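One structure below.
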Amino acid sequence: QQQVKQSPQSLIVQKGGISIINCAYENTAFDYFPWYQQFPGKGPALLIAIRPDVSEKKEGRFTISFNKSAKQFSLHIMDSQPGDSATYFCAASYSGGGNKLTFGTGTQLKVEL
Amino acid sequence: GAGVSQSPSNKVTEKGKDVELRCDPISGHTALYWYRQSLGQGLEFLIYFQGNSAPDKSGLPSDRFSAERTGGSVSTLTIQRTQQEDSAVYLCASSLFGQGGNEQFFGPGTRLTVL
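So, in structure tokens, the structure goes:
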């Protein structure tokens, strides 16, 4: 059972454009929703995270939008740069479950000049 | 400060052999997680240690997989009688569970190839 669904699988954006990646979850017990960025040969690195008591969180060019009723959340990358080219994973966890992460399937982002 | 380290970075083994993968978490982190990243299954949870509590082994795919954490620090993931489907990148993460958030810091992973 895939508890976190992520789309699109791949994304090509022009430099300066907005990259948008979407995730949907099923388990209403989830209370922590992070986004991870992964470069080839490296482990995932936390980019930004949100809890369900807020609808939006912004850190620099990265914004998470969260819709609790729809059980959806998304990552927006503003002014996308070639250095943002990486694989992005959404994830979810709940404190009662030891905070173990359930990951989406990943989105391969390429930012073109 | 030092991040999560894992060794070896790459491991090639023959089918049927046992392998041990090591994880050194960030000093002071009480929680330690193992995940597996493979083309077919994506990123999946394997096992979780928190302090002195019994580990959560709910993600281990078979009884060929086991892990231990000695002294609340270093962890070893052991795969016995390796199979080709065990080929994947094994990732370790640690966190300050219950202290200010759930951020998990990942190591660079061990790429396991079973021939």
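Residue numbers (this note's numbering), protein chains in the order written: chain A, 1 to 113; chain W, 1 to 115. For each residue, glycine too, the CB sits at the ideal point set by N, CA and C. The model shown is predicted, which means the values in this text are computed figures rather than measured ones.
- For E112(A), the three-state secondary structure derived from DSSP is strand.
- Close CB contacts of Q108(A) within its chain, under the 6 angstroms cut and outside five residues either way in sequence, are with S10 and T87 (chain order).
- When C-alpha distances from A24(A) are compared across F89(A), G83(A), K57(A) and D53(A), the shortest belongs to F89(A).
- CA-CA distance, F30(A) to K58(A), rounds to 20 angstroms.
- For L112(W), the closest alpha carbon among the candidates Q80(W), Q104(W), F97(W) and F49(W) is that of Q80(W).
- For the pair of segments examined, the segment 23-31 of chain W was found not to touch the segment 29-46 of chain A: the number of CB pairs separated by less than 8 angstroms stays below three.
- Note on P61(W): under 16 other CB atoms within 10 angstroms of its CB, so exposed under the neighbour-count rule.
- Counting only residues of its own chain and dropping the five nearest sequence neighbours on each side, F33(A) has a CB closer than 6 angstroms to the CB of I50, F73 and A92.
- Using a Cβ-Cβ cut-off of 7 angstroms, L11(A) does not count as an interface residue toward chain W, since no Cβ of chain W sits closer than that to its own.
- The beta-carbon separation of S5(W) and G107(W), rounded to 6 angstroms, stays under the 8 angstroms limit for a contact.
- At a cut-off of 7 angstroms, the C-beta of Y32(A) has a neighbouring C-beta in chain W.
- D84(A) sits in a helix when the DSSP states are folded into three classes.
- Around L46(A), the beta-carbon contacts reaching into chain W at under 9 angstroms are E103, Q104, F105 and F106.
- Contacts between F89(A) and chain W, judged by CB atoms closer than 9 angstroms, involve G42 and L43 in chain order.
- Take the alpha-carbon of G83(A) and the one of F39(A): they are about 10 angstroms apart.
- Neighbourhood of Y48(W) in chain A, by CB distance below 7 angstroms: G98 and K100, in chain order.
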